[in-house]
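Colleague:
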Amino acid sequence: MIVATAGLALVGLSACSGGSTGGGQQPETSAAQSSGLADFDVCNFFTAEDLSAFGVQGPGEPDSTIDTEPGCNFRGDIKDVTLYKVPDTAFDAYTKQGNFGSLEPYEVNGRKAANGVTKGSEGQGICSAFLDAGGGTVIVTVTGLMRDSVADPCGEAEKVARQIEPRLPE
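Letter by letter, the sequence shown follows residues 1 to 170 in our numbering.
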């Protein structure tokens, strides 16, 4: 679905390390700090109960495939679950980018959500659930380790989205 680049690894590490970056030297008025997702820690958000219910284990591994979408990947025996945040792109703008082969909108407790598969990834055992959160977008991607190892990757992504939705920033 997305190709990783080695040069972006440090971005993901800083986003998922749980510690602060730059010793608080970032200006108070930065765009990242104005977002409700600025402090959303993708590597420490899932509880042990979440991980068990999703069929994956921690600790998560930082995923810095796209520098504006820091993520954290949790591995399982038949699938991986990756949690991303997109603090600077609102849900409506994110889901209207036009790079989806399929996109099915729905709501979770009144919050905008959608399941989607990027163009070219249809039928590959990959699906993402997108949630409106904190002025940006939170993404849960389920990736089957084999094309058929997860019968319904969109159903699995939605299951994760529904479980974590109450804890997401407004």
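C-beta atoms are modelled at their ideal positions from N, C-alpha and C, and glycine is treated no differently.
Going by C-alpha distance, which of V81, G76, A157 is nearest E104?
Modeller: E104 has its Cα closest to that of A157, out of V81, G76, A157.
Colleague: Do F40 and K85 have their C-beta atoms within less than 7 Å of each other?
Modeller: Against a cut-off of 7 Å, the Cβ pair of K85 and F40 comes out as a contact.
Colleague: Would the region 59-78 and the region 116-134 be scored as touching if the rule is three or more Cβ pairs under 8 Å?
Modeller: Counting Cβ pairs under 8 Å, fewer than three are found: no touch.
Colleague: Quick check: G71 and V42, are their CB atoms within less than 7 Å of each other?
Modeller: The answer is yes: Cβ separation under 7 Å.
Colleague: Could you compute how far the alpha carbon of V138 sits from the alpha carbon of L83?
Modeller: If I take the Cα positions, the gap works out to 7 Å.
Colleague: Taking the alpha helix (DSSP H) that V160 falls in, what are its first and last residues?
Modeller: Segment 153-164, the alpha helix (DSSP H) holding V160.
Colleague: What are the boundary residues of the beta strand (DSSP E) that E69 is part of?
Modeller: Looking at the DSSP string, E69 is not in any beta strand (DSSP E), and its letter there is neither H nor E.
Colleague: In whole angstroms, what is the alpha-carbon distance linking T89 and D148?
Modeller: Roughly 32 Å between the two C-alpha positions.
Colleague: Enumerated in chain order, which unbroken segments of the beta strand (DSSP E) with a length of 3 residues or greater are wholly contained in the region 105-156?
Modeller: Within the region 105-156, the complete beta strand (DSSP E) runs of at least 3 residues are 111-118, 126-133, 136-144.
Colleague: By DSSP's criteria, L83 is part of a beta bridge. Which residues make up the other side?
Modeller: Beta-bridge pairing links L83 to C72, V140.
Colleague: Starting from E170, trace the alpha helix (DSSP H) both ways and give me its first and last residue.
Modeller: Premise fails: E170 is in no alpha helix (DSSP H) and is neither H nor E.
Colleague: Helix, strand or coil: which one does DSSP assign to F91?
Modeller: In the structure shown, F91 sits in a helix (DSSP, three-state: H, G or I).
Colleague: Rounding to the nearest angstrom, what Cα-Cα distance links R167 and A129 in this structure?
Modeller: Going from the Cα of R167 to the Cα of A129 covers about 16 Å.
Colleague: Which term fits E170, buried or exposed, when burial requires 16 or more other beta carbons within 10 angstroms of its beta carbon?
Modeller: Exposed.
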